[in-house]
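J.:
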Amino acid sequence: MENTKEKLKTSFKNRIKNLINYFLKGLLIVLPFAVTYAVLKSIVLTMDNYIDVGIPAVGFFIVICSITFLGFIGSSLITKPLINLLDDVLSKIPFVKIIYTSVKDFMEAFVGDKKKFTSPVLVEMTNGIYKPGFITQQDLSHLGLPGLCAVYFPHSYAFSGNLFFVDKNKIKPFNGNSTEVMKFIVSGGVTDIE
């Protein structure tokens, strides 16, 4: 009798574990779509509420066009001095300087004239274990670290990462497009590199 109770208890636990696993697998399937849909819907509805002309998604379209236009104007000679002046002012205000320059440098690393994530590499962490990352500075002699370079390791499923100073002998070039390698790393290796 006791043996039968144990079998039933074990069987019940296994079924619960299976149900939980199925639920988690279902979340893995649904969540990326749901979050993407919710974010896009929220952006479109917010823009449509601010710019109400009766045409769906016109607000979103206007915001995209406005940002693109500002980028065009911002890269022309007319506004360059004004942007440089604003940049100088913000770069001198305590505390604001830390936030402003960090965000500016991070954005320029991806899309600006000073793109940094253009050299994907593999770094040997221990025997036979490699970690993908990006060289952000080839020479660290100015920091008193000759022979080392700065390698940024993005975290999977997050927009953060770690920066390490790595011996150049432990770095191998990673054959792939920088954008695809970043997607590969951020997705935790789930996305294929094309």
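For the sequence shown, the numbering used here begins at 954 and goes up steadily by one. Each residue gets a CB set at the ideal place from its N, CA and C atoms; glycine is no exception.
1) Looking at C-alpha atoms only, which residue of LEU1116, GLY1100, PRO1107 and GLY1086 is the closest neighbour of ASP1126?
2) Identify which residue in GLU1133, PHE1106 and GLU1077 has its Cα closest to the Cα of ASP1120.
3) How many Å lie between THR957 and VAL1134 at the Cα?
4) Output the distance between the C-alpha atoms of GLN1091 and GLY1097, rounded to the nearest integer angstrom.
5) So the candidates are PRO1034, ASN1130 and MET1000; which of them puts its Cα closest to the Cα of VAL1011?
6) Would you please state the rounded distance, in angstroms, between the beta carbons of ILE1082 and PRO1107? I believe it to be under 8 Å.
7) Closer than 8 Å by C-beta to THR1071: which residues in its own chain qualify, once you throw out the five before and the five after it? Chain order, please.
8) With a threshold of 16 other CB atoms inside 10 Å of the CB of GLY1039, please say whether the residue is buried or exposed.
9) Return helix, strand or coil for PRO1099, following the three-state DSSP convention.
10) Among ASN1002, SER1113, VAL997 and LEU1023, whose alpha-carbon lies nearest the alpha-carbon of PHE1014?
11) Please state whether DSSP places ASN1130 in a helix, a strand or coil.
12) How many Å lie between LEU1093 and LEU1101 at the Cα?
13) Let me know the secondary structure DSSP gives LYS1045 once reduced to three states.
14) Just curious, the beta strand (DSSP E) that LEU1116 is in, first and last residue?
15) Note down the Cα distance separating LYS1050 from ILE1036, rounded to an integer number of angstroms.
16) So the candidates are ILE973, ILE1124, THR1089 and LYS1057; which of them puts its Cα closest to the Cα of THR1079?
17) By how many angstroms is the C-alpha of ARG968 removed from the C-alpha of GLU959?
18) Grab the span of the beta strand (DSSP E) containing THR1071 for me, first residue to last.
T.: Considering the structure as presented:
1) According to the sequence displayed, residue 1126 carries Pro and not Asp. Nearest option by C-alpha distance: GLY1086.
2) GLU1077
3) 54 Å
4) 13 Å
5) MET1000
6) No, ILE1082 and PRO1107 are not in contact; Cβ-Cβ is about 17 Å, not under 8 Å.
7) PHE1087 and SER1131
8) Checking the sequence, you will find Leu at residue 1039 rather than Gly. Burial call: exposed.
9) coil
10) VAL997
11) coil
12) 6 Å
13) coil
14) 1114 to 1120
15) 15 Å
16) ILE1124
17) 14 Å
18) Where THR1071 is concerned, there is no enclosing beta strand (DSSP E), given that its DSSP letter is neither H nor E.
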